[in-house]
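Peer 1:
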Amino acid sequence: MAIRLPKAQLEDLHQRFATKFRRDGPNGCWIWTAATMHKGYGKISIGGSKPVIGKCKLISAHRVAWLLAHGVLPTRPIQVCHRCDNPPCVNPDHLFLGTQKENIADMIKKGRGSPPPPNLGTKLTAKKVQRILKTWWCGGVLKCDLAAQYGVSASMIGQIIQGSAWKHLPRPAGTPARSTR
Ligand SMILES: [Zn+2]
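If you read the sequence shown in the working numbering, its first letter stands for residue 1, the second for the next number, and so on.
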């Protein structure tokens, strides 16, 4: 799956995008200066008449950077990640596509055999929760995106991220154990 936009919408997005960052040196990061979401990732409305992801028209700025540079934006499970580890950066040269498939598979294997926890929503599985965490910490999604994708409430997504739900699962590598956000 991938997102492509009509030419007029893409041009409008490009013009708005171009005014919302500053360049740190010739090969440096392009720092988003407009609205941000958790961890400092930028966000921007995709414009147009239809939401593109979940029920949302807001999309993270670094994913828009990829879309503008390449004309197409792959969707889950492909993620746009930063080489520079700088969440507000929207320099397309600092971005790469990645999946955490093997990593997730390994985590699930290690988590297998733990006792079933009480009071969990019925729609989620350990595998899905791992994907939610990985996607969240890679950045660029809103809780409502994940809620729509997985058919649960945004507050459930929040509890998973905070570590108050599904806390028996091992956290994916490179992600914090808990978040206060
Ligand atoms: Zn950068």
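Glycine included, each C-beta is placed from N, C-alpha and C at the ideal position.
#1: Any idea which residues DSSP pairs I44 with across the strands?
#2: Should V72 be labelled buried (16 or more other beta-carbon atoms within 10 Å of its own) or exposed?
#3: Using 8 angstroms as the threshold, is the C-beta distance between C84 and D145 below it?
#4: Quick check: does the Cβ of N27 come within less than 7 angstroms of any heavy atom belonging to ligand 1?
#5: Can you tell me whether L142 is buried or exposed, with buried defined as 16 or more other CB within 10 angstroms of its CB?
#6: For ligand 1, is there any heavy atom lying closer than 7 angstroms to the beta carbon of C89?
#7: Give a yes or no on whether the C-beta atoms belonging to A61 and V90 are separated by under 8 angstroms.
#8: In the DSSP assignment, find the unbroken beta strand (DSSP E) run with L95 in it and report its ends.
#9: Are the CB atoms of K123 and V152 within a distance shorter than 8 angstroms?
#10: Count Cβ pairs between the region 2-14 and the region 32-40 that sit closer than 8 angstroms; are there 3 or more?
#11: Could you name the residues of the same chain whose beta carbon sits closer than 8 angstroms to that of T35, not counting the 5 residues immediately before and after it, in chain order?
#12: Could you tell me whether any non-hydrogen atom of ligand 1 is closer than 7 angstroms to the CB of H14?
#13: Taking 8 angstroms as the threshold (C-beta atoms), are T99 and Q130 in contact?
#14: Quick one: residues in its chain with C-beta nearer than 6 angstroms to the C-beta of R4, no 5 flanking neighbours on either side, listed in chain order?
#15: I want to check one thing, is the minimum distance from the CB of C138 to the heavy atoms of ligand 1 below 7 angstroms?
#16: Tell me whether M107 sits in a helix, a strand or coil according to DSSP, three-state version.
#17: State the Cα-Cα distance for the pair R23 and I31, rounded to the nearest angstrom.
#18: Quick one: give me the first and last residue of the alpha helix (DSSP H) that I160 is part of.
#19: State yes or no: is the beta carbon of A69 nearer than 8 angstroms to at least one beta carbon in chain D?
Peer 2: Let me spell this out:
#1: According to DSSP, I44 bridges with I59.
#2: Counting Cβ neighbours within 10 Å, V72 comes out exposed, since fewer than 16 surround it.
#3: In this structure, the beta-carbon distance from C84 to D145 does not fall below 8 angstroms.
#4: With a threshold of 7 angstroms, the Cβ atom of N27 does not count as near ligand 1, since no heavy atom of the ligand is closer than that.
#5: Counting Cβ neighbours within 10 Å, L142 comes out buried, since at least 16 surround it.
#6: The beta carbon of C89 sits closer than 7 angstroms to at least one heavy atom of ligand 1.
#7: The Cβ-Cβ distance between A61 and V90 falls below 8 angstroms.
#8: Its beta strand (DSSP E) spans residues L95 to G98.
#9: With contacts defined as CB atoms closer than 8 angstroms, V152 and K123 qualify as a contacting pair.
#10: Output reads no: the region 32-40 does not touch the region 2-14.
#11: Reading off the sequence shown, one finds Ala at residue 35, where the question assumed Thr. Excluding its 5 nearest sequence neighbours in each direction, A35 has C-beta neighbours in its own chain below 8 angstroms: G42, K43 and I44, listed in chain order.
#12: Result no, Cβ not under 7 angstroms from ligand 1.
#13: Taking C-beta atoms as the reference points, Q130 and T99 fail to come closer than 8 angstroms.
#14: V72, listed in sequence order.
#15: Remark: the C-beta of C138 is outside contact range of ligand 1, defined as less than 7 angstroms to any heavy atom.
#16: For M107, the pLDDT reaches just 45, beneath the cut-off of 50, and the residue's location in the model is therefore unreliable, although a value from the coordinates is still provided. Under the three-state reduction of DSSP, M107 is assigned to helix.
#17: R23 and I31 have their alpha carbons spaced roughly 6 angstroms apart.
#18: First-last of the alpha helix (DSSP H) with I160: A154 to Q162.
#19: The displayed structure is made up of one protein chain only, and chain D is not part of it.
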